[in-house]
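Novice: Start counting at 1 in the sequence shown, then tack on 129, and there's your number in this note's numbering. Note that beta-carbon positions come from the ideal geometry of N, C-alpha and C, so glycine has one too. All of these numbers come straight from a predicted model, not from anything done at the bench.
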Amino acid sequence: MSCPFEPGFSIAPNVTYAQFNSSFADHIQCPNTYLRRVLLSHSSVQTLTVTRPDPGGALIPWLYAVFLLIFHLPACIVRAVRWESAQYLALGLAVLGIALTTQSFESTGLQAGMILVWMPLTLVLDVGAMLQMVVLIIEKYDDEDTSGLAVLWRVMRDSMAGMWAFVMSACLPKHRRRGGRREQANVDAFRHAVVAFVAFILLLILLVLQIRALVAAVQGRNHAQRLTVKWCSPAFRDFALGITTGDCNLYGIVNSSSNGIGCIALPAVLQDQWLTGTIICLSGALVCQVVDMILLRCAHGRKCRGVRMQRPWLTMFGGVIMLILLITLGVFNANRLPEGVTSKVWIYRKEPMALAGRVCQTHLTSPGLRGMIIGWTDGLFEAWGSVYEGSVANLKRAISS
Numbered sequence: 130m131s132c133p134f135e136p137g138f139s140i141a142p143n144v145t146y147a148q149f150n151s152s153f154a155d156h157i158q159c160p161n162t163y164l165r166r167v168l169l170s171h172s173s174v175q176t177l178t179v180t181r182p183d184p185g186g187a188l189i190p191w192l193y194a195v196f197l198l199i200f201h202l203p204a205c206i207v208r209a210v211r212w213e214s215a216q217y218l219a220l221g222l223a224v225l226g227i228a229l230t231t232q233s234f235e236s237t238g239l240q241a242g243m244i245l246v247w248m249p250l251t252l253v254l255d256v257g258a259m260l261q262m263v264v265l266i267i268e269k270y271d272d273e274d275t276s277g278l279a280v281l282w283r284v285m286r287d288s289m290a291g292m293w294a295f296v297m298s299a300c301l302p303k304h305r306r307r308g309g310r311r312e313q314a315n316v317d318a319f320r321h322a323v324v325a326f327v328a329f330i331l332l333l334i335l336l337v338l339q340i341r342a343l344v345a346a347v348q349g350r351n352h353a354q355r356l357t358v359k360w361c362s363p364a365f366r367d368f369a370l371g372i373t374t375g376d377c378n379l380y381g382i383v384n385s386s387s388n389g390i391g392c393i394a395l396p397a398v399l400q401d402q403w404l405t406g407t408i409i410c411l412s413g414a415l416v417c418q419v420v421d422m423i424l425l426r427c428a429h430g431r432k433c434r435g436v437r438m439q440r441p442w443l444t445m446f447g448g449v450i451m452l453i454l455l456i457t458l459g460v461f462n463a464n465r466l467p468e469g470v471t472s473k474v475w476i477y478r479k480e481p482m483a484l485a486g487r488v489c490q491t492h493l494t495s496p497g498l499r500g501m502i503i504g505w506t507d508g509l510f511e512a513w514g515s516v517y518e519g520s521v522a523n524l525k526r527a528i529s530s
């Protein structure tokens with residue numbers, strides 16, 4: 130290492146660079162840890178150690194985003210062709226989106242530094258689906274004299290009053306046949322009314338979550354001064370005080386929320402970018418949702434080159450594009466080191482009573498899919514405490530107290 134540090138340069142409180150001078154001549158390689166692997170080269174043996182973000186510092190793992198795309202993309206195609214066939218799938222996906230978003234809000238407290246966990250950018254697909262179901266179901270029962278909303282409300286009121294009769298007609302085939310087509314029509318109308326009501330409630334919840342996240346992102350962006358994010362490794366322990374990178378940047382070792390690893394605090398460049406991106410994307414999503422609402426209400430029966438216009442096209446395309454973007458960025462971020470850190474680093478270790486310290490060299494590797502899953506999932510379920518972390522959570526509380 131050829132960094133121009135003065136002998137009195139401070140590595141840590143009461144520890145100077147001069148206390149490590151004799152160790153540099155030994156060219157020590159850092160000892161192996163349980164997350165390290167050894168890479169054999171022709172000239173030497175290089176020690177590699179894996180780094181990963183601390184809870185809240187990771188973008189949604191690309192594998193999770195792929196699963197969301199696998200479910201949402203077929204649902205969008207079915208909704209564009211035969212919207213009634215995808216009602217229950219759309220409701221299930223909306224409930225899943227609400228549950229994950231609410232959990233992320235609870236665990237992170239909407240902190241600006243944990244934006245990568247709580248940004249609800251994929252909810253636009255669920256909002257479009259709920260809009261489509263509510264508008265088209267109501268429109269299905271519109272007639273010249275009565276609005277579809279009034280018809281569905283009357284059917285629901287009558288069915289709730291005669292719930293026993295409805296249960297009999299729904300469960301007993303013989304009894305259902307006695308009622309004839311009119312009774313079956315009432316059953317279908319009641320089912321549609323319930324679906325529309327549930328979709329409307331979910332729509333309101335989704336909009337509240339989007340607006341709440343937009344407000345939090347704006348507030349976080351306005352106060353996002355010197356945000357930091359922790360990146361951790363098992364190499365940053367065992368009396369480690371700090372590291373220097375190939376660019377001669379010094380980072381002190383800080384505690385991690387996990388046992389067995391130490392961390393360095395890096396500038397939260399990615400978090401700053403995603404705060405701005407979340408504001409732009411959520412604002413655009415709200416505009417697209419309003420346009421889709423107008424399209425659903427005003428484009429009845431209209432087609433463009435054989436394609437029905439009465440569909441939430443903007444939210445469907447926008448949501449799918451967002452998922453593809455998250456997958457792409459997830460793969461990219463999982464296979465690179467964070468900004469400000471080089472592959473080769475020097476770790477400064479010194480026991481409390483020792484007069485001199487020692488320096489060892491190691492090579493950092495990207496977190497990979499596993500590291501991103503750990504960082505994102507830990508941030509998502511942090512509010513669960515010992516239910517998620519087991520006895521480790523109780524140990525943390527005992528140490529902190």
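Within the stretch 386 to 415, note down every full beta strand (DSSP E) run reaching 3 residues or more, in order along the chain.
Specialist: Qualifying beta strand (DSSP E) stretches, in chain order: 391 to 396.
Novice: What span of residues does the beta strand (DSSP E) with Ser78 cover, start to end?
Specialist: Beyond the ends of the chain as shown, which are 130 and 530, falls residue 78; an answer cannot be given.
Novice: Give the DSSP bridge partners of Arg426, in chain order.
Specialist: In the DSSP output, where bridge partners are listed per residue, Arg426 has none listed.
Novice: Quick one: Cα of Gly504 to Cα of Ala318, how far?
Specialist: So the two alpha carbons sit approximately 47 Å from each other.
Novice: Locate the alpha helix (DSSP H) running through Gln261, then write down its first and last residues.
Specialist: Here the alpha helix (DSSP H) through Gln261 covers Leu252 to Lys269.
Novice: Pick helix, strand or coil for Arg350, following the three-state DSSP scheme.
Specialist: Here Arg350 sits in helix by DSSP.
Novice: For Ser362 versus Arg181, is the C-beta distance shorter than 9 Å?
Specialist: Yes, the Cβ-Cβ distance between Ser362 and Arg181 is below 9 Å.
Novice: Would you decide whether Ser131 is buried or exposed? Buried here means 16 or more other CB atoms lie within 10 Å of its CB.
Specialist: With fewer than 16 other Cβ atoms within 10 Å, it is exposed.
Novice: Report yes if the C-beta distance between Gly391 and Leu379 is below 9 Å; otherwise report no.
Specialist: No, these two residues do not count as a Cβ contact at 9 Å.
Novice: Where does Gln240 sit, in a helix, a strand or coil, going by DSSP?
Specialist: Gln240 falls in the coil class under three-state DSSP.
Novice: Does Arg487 come out as helix, strand or coil in the three-state DSSP assignment?
Specialist: Note: Arg487 maps to strand in three-state DSSP.
Novice: When the Cα of Ala428 is compared with those of Val420, Met438, Val419 and Asp421, which residue comes out closest?
Specialist: Ranking Val420, Met438, Val419 and Asp421 by Cα distance to Ala428 puts Met438 first.
Novice: Please tell me whether Phe329 and Met259 are closer than 9 Å, where the distance is taken between their beta carbons.
Specialist: In contact: Phe329 and Met259 (Cβ atoms closer than 9 Å).
Novice: Answer yes if the stretch 439 to 456 comes into contact with the stretch 344 to 359, meaning at least three C-beta pairs across the two stretches below 8 Å, and no otherwise.
Specialist: No, the stretch 344 to 359 does not touch the stretch 439 to 456.
Novice: Ignore the nearest five residues each way along the sequence and tell me which others in Leu197's own chain have a CB closer than 8 Å to its CB.
Specialist: So the list reads Thr251 and Leu452, once near-sequence residues are dropped.
Novice: Within the continuous alpha helix (DSSP H) that includes Leu509, where are the two ends?
Specialist: Here the alpha helix (DSSP H) through Leu509 covers Gly497 to Leu509.
Novice: Could you give the residue range of the beta strand (DSSP E) that holds Ile372?
Specialist: Residues Ala369 to Thr374.
Novice: Would the beta-carbon of Arg350 fall within 9 Å of that of Asp401?
Specialist: Going by C-beta atoms, Arg350 is nearer than 9 Å to Asp401.
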